[in-house]
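*Asks:* Protein chains in written order, with the numbering used here: chain A, 148 to 484; chain B, 148 to 484. Note that beta-carbon positions come from the ideal geometry of N, C-alpha and C, so glycine has one too. Here it is, the structure in full.
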DNA sequence: TTGGATTATGCAATCGATTGCAGAATAGTC
DNA sequence: GACTATTCTGCAATCGATTGCATAATCCAA
């Protein structure tokens, strides 16, 4: 990282002022400079291997061309596609994404966001589902640009991108109902997450609407272990019979797989299970998992798009974008026996 | 991102020079300033909500406290743990990681690395397995700090962190041999990747050593599809019988699962399969996959550590760190019938 | 009390690029 | 040929923090 060529170096060789070099190299301003001069400077810059110093430029222009992306945990397989979606929109536009993992902790999230702001990110994409609404309102009044993904926060005046959680749960229940199931369990994600709330809420509504028996089991996290633990605890209590599980996400569904297995129950013969997200590998589980596909890549793209559009239209309304989801029927659901 | 408080703002309120504020706030230099003054300035800075501008600081100090991490594809499940390992070492030390995906394309990789350097990253962690050795030598002579992860490049004078590929393949073959298998297939990853070469090479050596029949099938990528396609093509050709597959990684092994299934072969009854990496969810496949565990998180940590250590000892030898791997025996391997 | 050391702070340059302003050079018009 | 308009380039300030150097202030010892 030593001996880098600077604008001044190019200027000296070309025998012109650094300002002229700057203008020549910037497509926006090159028309202010004589065509011949531009050609010469471009040539010299290339020969010298000049590359702009983004840091210095950012200081002057007050733009870092960097976006902070806040997610709970990169090892949750729904986030890599989302991040790549973000990237796919940002990169061609000269932006980079700085990714941080909050591990579901509101305090670390605040620390991380502050460090992102010290790094002068131009905006934030926030994909952590939990709390921190006050913090976000505060950011908004301070003029911080942001977009929320995969979370709803009614009070927060930022654009939001989500999958259609309600429609997903409805489709899941309708599918199970068509198979003849009447006794349902909803393995709900942690209740501080907005997606958990919506999914659980829709579950209740739909059960009522279709005249089904629905029971909600709460978990402590969106993880295999949390799903298994909650389900174990439930099954150990000799519950009233049920034949269908609608899980808050695929990891919880997978936890349910494990629990059912250790309790001698077969999926789908004894119990049908539906996941949520259609994360990678759900098709390779045993049995292949029926789940709700959520377009995480597209959500990332959309979030990035909404964020960058804020930079242009100063006063943009806090749009809500809901992307369509679809039920992927595989082999974890079957006719009620 | 507006109206940020600057050093000068704090200085004005405190009635001192910006330099004094800078020195007061930096633990390294605060002893140059009167204790009482430090206390006062610290207090005012806190009241005003001053946060340093990392960009400006980076311009002056020529350190961005940012590390570029180059991986093939974040959606390959081995990389999130690696990235988190990197992060876990960097974050407490004030560094951030800027992650880019090359998608296995050497040209995009070059473009991305250049953009990382324009952003003045202090160093690179490179986890892409393929080619580009000339580029890397060039970087080295230009004084770019870097560490290679998950790839061996004998000619490249950078520290390297890898799993013990050879030992992993040996353990896999010994396990299969102990189960009575004598006819082997190695589903090898793309041959421009260094890990592919080592794994394939060890496979050949070990087969010879143990008097086994080994055949290598090449694939075009480390993906489920590539594994399935290669295996399909092979099986369609009515090959000489075999009972064991050692796959180049878990994704290829999963591709083999699919192919075997569509060809009416059962794993493990007809064919035993071993993967490589022990990526997330391998335990939930059908059958649960026997595979070689590779400590990706630790590899990330180690890579970050080696990189930062270069910043201190100016002339560090290109260390090679090999982390131990272990065979995880599950249900995709069985006694030869 | 004086001189030398020490401490504390200010001054100003610097990092590398951008950009408003001004002035020089050239072109264009009547 | 004089005058305005246009084009081109240089100058210098600026972004925000850091840091070598200088100087003022204080201290201590003889």
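Alpha carbons only, please: which of A:267, A:252, A:214 and A:260 is nearest the one belonging to residue 205 of chain A?
*Replies:* For the purposes of this step, residue 205 of chain A is identified with residue 58 of the first chain, where counting begins at 1. Selected option, being the one with the closest Cα: A:267.
*Asks:* Taking Cβ-Cβ distances shorter than 8 Å, what residues in chain A pair up with residue 281 of chain B?
*Replies:* Along the second chain, read from residue 1 onward, the residue named residue 281 of chain B stands at position 134. Those within 8 Å of residue 281 of chain B in chain A number zero; the least Cβ separation is about 16 Å.
*Asks:* When the Cα of residue 451 of chain A is compared with those of A:241, A:279, A:294 and A:194, which residue comes out closest?
*Replies:* In the first chain, counting from the first residue as 1, residue 451 of chain A sits at position 304. Cα-wise, what sits closest to residue 451 of chain A is A:294.
*Asks:* Output the distance between the C-alpha atoms of residue 348 of chain B and residue 318 of chain B, rounded to the nearest integer angstrom.
*Replies:* Counting from one through the second chain, the residue named residue 348 of chain B turns up at place 201. Counting from one through the second chain, the residue named residue 318 of chain B turns up at place 171. Each residue's alpha carbon lies about 14 Å from the other.
*Asks:* Buried or exposed: residue 166 of chain B, going by 16 or more other Cβ atoms within 10 Å of its Cβ?
*Replies:* As a position in the second chain, residue 166 of chain B is number 19, starting the count at 1. Residue 166 of chain B comes out exposed.
*Asks:* Quick check on the burial criterion: 16 or more other C-beta atoms within 10 angstroms. Buried or exposed for residue 224 of chain B?
*Replies:* Position 77 of the second chain, counted from the start, is the residue given in the question as residue 224 of chain B. Looking at its Cβ environment, which holds 16 or more other Cβ atoms inside 10 Å, residue 224 of chain B is buried.
*Asks:* Report the neighbours of residue 438 of chain A on chain B: residues whose CB is nearer than 8 Å to its CB, in chain order.
*Replies:* As a working mapping, residue 438 of chain A is identified with position 291 in the first chain. Within chain B, no residue comes near residue 438 of chain A; the closest Cβ sits about 14 Å away, beyond 8 Å.
*Asks:* On the premise that residue 426 of chain A lies in contact with residue 460 of chain A, defined as a C-beta separation below 8 Å, what is that separation, rounded to the nearest angstrom?
*Replies:* Here the question's residue 460 of chain A lines up with position 313 in the first chain. Here the question's residue 426 of chain A lines up with position 279 in the first chain. Not confirmed; about 34 Å, so no contact.
*Asks:* Quick check on this structure: which residue in A:480, A:279, A:281 and A:386 has the alpha carbon closest to the alpha carbon of residue 404 of chain A?
*Replies:* By one-based count along the first chain, residue 404 of chain A stands at place 257. Ranking A:480, A:279, A:281 and A:386 by Cα distance to residue 404 of chain A puts A:480 first.
*Asks:* From the beta carbon of residue 376 of chain B, is the nearest beta carbon of chain A less than 8 Å away?
*Replies:* Working through the second chain from its first residue, we reach residue 376 of chain B at position 229. Output row for residue 376 of chain B: interface = no.
*Asks:* Please name the residue or residues paired with residue 330 of chain A in a DSSP beta bridge.
*Replies:* As a working note, residue 330 of chain A is residue 183 in the first chain. Partner(s): A:360.
*Asks:* Have a look at the DSSP bridge pairing and note the partners of residue 248 of chain B.
*Replies:* On the second chain, position 101 is the one that residue 248 of chain B refers to. Paired residue(s): B:218.
*Asks:* Applying the criterion that 16 or more other CB atoms from any shown protein chain within 10 Å of the CB defines a buried residue, is residue 387 of chain B buried or exposed?
*Replies:* Counting from one through the second chain, the residue named residue 387 of chain B turns up at place 240. So residue 387 of chain B ends up on the exposed side.
*Asks:* Please state if the CB of residue 331 of chain A and the CB of residue 354 of chain A are separated by a distance shorter than 8 Å.
*Replies:* By one-based count along the first chain, residue 354 of chain A stands at place 207. By one-based count along the first chain, residue 331 of chain A stands at place 184. Going by C-beta atoms, residue 354 of chain A is nearer than 8 Å to residue 331 of chain A.
*Asks:* Write down the C-beta distance between residue 275 of chain B and residue 218 of chain B rounded to the nearest angstrom, noting that I regard them as a contact closer than 8 Å.
*Replies:* Position 128 of the second chain, counted from the start, is the residue given in the question as residue 275 of chain B. Position 71 of the second chain, counted from the start, is the residue given in the question as residue 218 of chain B. At roughly 7 Å, the Cβ-Cβ gap stays under 8 Å, so residue 275 of chain B and residue 218 of chain B are in contact.
*Asks:* I'd like the span of the beta strand (DSSP E) that includes residue 423 of chain B, first residue to last.
*Replies:* Counting from 1 along the second chain, the entry for residue 423 of chain B is found at position 276. 419-424 is the span of the beta strand (DSSP E), which, as asked, contains residue 423 of chain B.
*Asks:* Whose Cβ in chain B lies nearer than 9 Å to the Cβ of residue 427 of chain A?
*Replies:* What you label residue 427 of chain A is simply residue 280 of the first chain in a count that begins at 1. What residue 427 of chain A touches in chain B: 222, 224 and 428.
*Asks:* Let me see if you follow: with CB-CB separation under 8 Å, is residue 474 of chain A close to chain B or not?
*Replies:* Position 327 of the first chain, counted from the first residue, corresponds to residue 474 of chain A. By this cut-off, residue 474 of chain A is not an interface position.
*Asks:* Residue 413 of chain B CB to nearest chain A CB: under 8 Å?
*Replies:* As a position in the second chain, residue 413 of chain B is number 266, starting the count at 1. No - not a single Cβ of chain A is within 8 Å of the one on residue 413 of chain B.
*Asks:* Take residue 402 of chain A as the anchor and find which of A:440, A:449, A:382 and A:373 has the nearest alpha-carbon.
*Replies:* Numbered from its first residue, the first chain carries residue 402 of chain A at position 255. Nearest of A:440, A:449, A:382 and A:373 to residue 402 of chain A, Cα basis: A:373.
*Asks:* Distance, Cα to Cα, residue 358 of chain B vs residue 323 of chain B?
*Replies:* Position 211 of the second chain holds residue 358 of chain B. Position 176 of the second chain holds residue 323 of chain B. Between residue 358 of chain B and residue 323 of chain B, the C-alpha separation is close to 13 Å.
*Asks:* With a threshold of 8 Å between beta carbons, is residue 419 of chain A in contact with chain B?
*Replies:* Numbered from its first residue, the first chain carries residue 419 of chain A at position 272. It does not: the Cβ of residue 419 of chain A has no partner Cβ on chain B nearer than 8 Å.
*Asks:* Does the segment 430-449 of chain B come into contact with the segment 375-391 of chain B, if we say contact requires no fewer than three beta-carbon pairs (one atom in each stretch) closer than 8 Å?
*Replies:* Flag = no, the segment 430-449 of chain B and the segment 375-391 of chain B do not touch.
*Asks:* Using CA coordinates, which residue listed in A:335, A:270 and A:471 is at the minimum distance from residue 361 of chain A?
*Replies:* For the purposes of this step, residue 361 of chain A is taken as residue 214 along the first chain, with counting starting at 1. It is A:335 whose Cα lies nearest to the Cα of residue 361 of chain A.
*Asks:* With H, G and I counted as helix, E and B as strand and the rest as coil, what does DSSP make of residue 365 of chain A?
*Replies:* For the purposes of this step, residue 365 of chain A is taken as residue 218 along the first chain, with counting starting at 1. Residue 365 of chain A falls in the strand class under three-state DSSP.
*Asks:* Under 7 Å between beta-carbons, which chain A residues line up against residue 228 of chain B? List them in chain order, please.
*Replies:* Counting from one through the second chain, the residue named residue 228 of chain B turns up at place 81. Per Cβ cutoff of 7 Å: 222.
*Asks:* Mind listing which residues of the segment 235-256 of chain A have their C-beta closer than 7 Å to chain B's C-betas, in chain order?
*Replies:* Under the 7 Å Cβ criterion, the segment 235-256 of chain A contributes 243, 245, 246 and 248.
*Asks:* Going by other Cβ atoms of all chains shown within 10 Å of its Cβ, with 16 needed for buried, is residue 211 of chain A buried or exposed?
*Replies:* Against the first chain, residue 211 of chain A aligns to sequence position 64. Flag for residue 211 of chain A reads buried.
*Asks:* Consider the Cβ of residue 401 of chain A: report whether some Cβ of chain B lies at a distance smaller than 8 Å.
*Replies:* Working through the first chain from its first residue, we reach residue 401 of chain A at position 254. Chain B, which has a Cβ nearer than 8 Å to the Cβ of residue 401 of chain A, makes this yes.
*Asks:* Can you give the Cα-Cα distance for residue 236 of chain A and residue 272 of chain A, rounded to whole angstroms?
*Replies:* To locate residue 236 of chain A, count along the first chain from 1; it is residue 89. To locate residue 272 of chain A, count along the first chain from 1; it is residue 125. When rounded, the distance between both Cα atoms is 13 Å.
*Asks:* Is there a Cβ of chain A sitting closer than 8 Å to that of residue 206 of chain B, yes or no?
*Replies:* Counted from its first residue, the second chain places residue 206 of chain B at position 59. Closer than 8 Å to some Cβ of chain A, the Cβ of residue 206 of chain B qualifies, so yes.
*Asks:* Listed in chain order, which residues of the segment 448-468 of chain A have Cβ atoms closer than 8 Å to some Cβ of chain B?
*Replies:* Correct list: empty, as no residue qualifies.
*Asks:* Starting from residue 401 of chain B and walking both ways along the alpha helix (DSSP H), at which residues does that stretch end?
*Replies:* In the second chain, counting from the first residue as 1, residue 401 of chain B sits at position 254. Its alpha helix (DSSP H) spans residues 397-409.
*Asks:* For the segment 249-303 of chain B, list the beta strand (DSSP E) runs that are entirely contained and at least 3 residues long, ordered along the chain.
*Replies:* Correct list: 270-273 and 293-296.
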